[in-house]
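Our numbering puts the first residue of the sequence shown at 443, with every later residue one more than the last.
Even for Gly, the Cβ is constructed at its ideal location relative to N, Cα and C.
Take a look at the structure set out below.
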Amino acid sequence: MSRETEAIAQRFHMEIFQHGRLEVADDIVSRDFINHFPGYPKEWRRGPEGVKKYAAALRTAFPDLYITHEETLSGGDVVMIRWTMTGTHKGAIFGIAPTGKAVKVTGIDLYRVWGPRIADLWQGWDQYGMLQQMGVVSLAGQAKA
443 MSRETEAIAQ
453 RFHMEIFQHG
463 RLEVADDIVS
473 RDFINHFPGY
483 PKEWRRGPEG
493 VKKYAAALRT
503 AFPDLYITHE
513 ETLSGGDVVM
523 IRWTMTGTHK
533 GAIFGIAPTG
543 KAVKVTGIDL
553 YRVWGPRIAD
563 LWQGWDQYGM
573 LQQMGVVSLA
583 GQAKA
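Structure representation (structure tokens):
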């Protein structure tokens with residue numbers, strides 16, 4: 443089952459987010475899906491429609507986004523992917539107007555795959571680093587870029 447669950451989790455990033463094939467969410471995301479990341483708007487966190495809204499927002503903000511899978515581990519119904527995303531901030535996101543700045547963000551996603559669909563997602567990624575690269579925040583004692 444591990445190879446199948448890995449393939450489903452990899453499709454989540456590559457097809458939906460990187461290639462913008464939002465309809466893939468209907469095939470691989472459970473209707474009861476929950477993204478457990480508390481910082482996202484509620485409408486991004488539930489079901490295939492939430493995933494589509496999240497992906498559309500991210501692709502609007504970073505139309506050239508590119509995701510690299512650095513490492514994938516799995517066991518049973520759980521898949522962990524350590525990833526890097528690069529892109530240029532060309533659209534508003536999280537209330538932040540486009541800055542035109544390039545970002546490189548790292549993160550880890552933990553998926554629970556139930557049957558042929560993703561049921562749960564827990565994410566941890568470097569939001570602060572992204573905001574620094576966008577010039578929105580700075581380290582204490584440093585002026586904003």
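| task | In the DSSP assignment, find the beta strand (DSSP E) that holds Arg445 and state where it starts and stops. | result | Start at 1 with the first residue of the sequence shown, and residue 445 comes out as number 3. Looking at the DSSP string, Arg445 is not in any beta strand (DSSP E); the run it does join, the alpha helix (DSSP H), is Ser444 to Arg453.
| To the nearest whole angstrom, what separates the beta carbons of Ala467 and Ile458, a pair I think is in contact under 8 Å? | Against the sequence shown, residue 467 aligns to sequence position 25. Against the sequence shown, residue 458 aligns to sequence position 16. Their Cβ separation, rounded to whole angstroms, is 6 Å, which keeps Ala467 and Ile458 in contact under 8 Å.
| Cβ-based burial, Ala534 [other Cβ within 10 Å; buried from 16] | The sequence position of residue 534 within the sequence shown is 92, counting from 1. Flag for Ala534 reads exposed.
| field | Contact set for Arg463: own chain, Cβ-Cβ below 6 Å, skip 5 residues either direction | value | For the purposes of this step, residue 463 is identified with residue 21 of the sequence shown, where counting begins at 1. So the list reads Glu457, once near-sequence residues are dropped.
| task | Can you tell me which of the three DSSP states Met456 falls into? | result | The residue labelled residue 456 in the question sits at position 14 within the sequence shown. Of the three classes helix, strand and coil, the one that applies to Met456 here is helix, per DSSP.
| request: May I have a chain-ordered list of the beta strand (DSSP E) segments no shorter than 3 residues that lie completely inside the segment 508–540? | output: 508–517 and 520–530
| request: Taking all protein chains shown into account, decide if Trp486 is buried (16 or more other Cβ within 10 angstroms of its Cβ) or exposed. | output: The residue labelled residue 486 in the question sits at position 44 within the sequence shown. Trp486 should be labelled buried.
| query | What separation, rounded to the nearest whole angstrom, lies between the Cα atoms of Pro490 and Val578? | reply | Residue numbering aside, residue 490 sits at position 48 when the sequence shown is read from its first letter. Residue numbering aside, residue 578 sits at position 136 when the sequence shown is read from its first letter. Cα-Cα distance, rounded: 31 Å.
| request: For Lys543, name the three-state secondary structure that DSSP assigns. | output: Taking the sequence shown and counting its residues from 1, the one referred to as residue 543 is at position 101. Lys543: coil per DSSP, three-state reduction.
| What whole-angstrom Cβ distance do Leu552 and Met522 have, given they're in contact under 8 Å? | Here residue 552 refers to the residue found at position 110 when the sequence shown is read from its first residue. Here residue 522 refers to the residue found at position 80 when the sequence shown is read from its first residue. Correct: roughly 5 Å between the Cβ atoms.
| request: Pull up the CB-CB distance for Val545 and Met572, whole angstroms please, since I reckon it's below 8 Å. | output: As a working note, residue 545 is residue 103 in the sequence shown. As a working note, residue 572 is residue 130 in the sequence shown. Going by Cβ atoms, the distance from Val545 to Met572 rounds to 5 Å, so yes, they are a contact pair.
| field | Pick from Ala497, Ala539, Gly518 and Asp568 that is closest to Ile550, judged by C-alpha positions | value | For the purposes of this step, residue 550 is taken as the residue at position 108 of the sequence shown. For Ile550, the nearest C-alpha among the options comes from Asp568.
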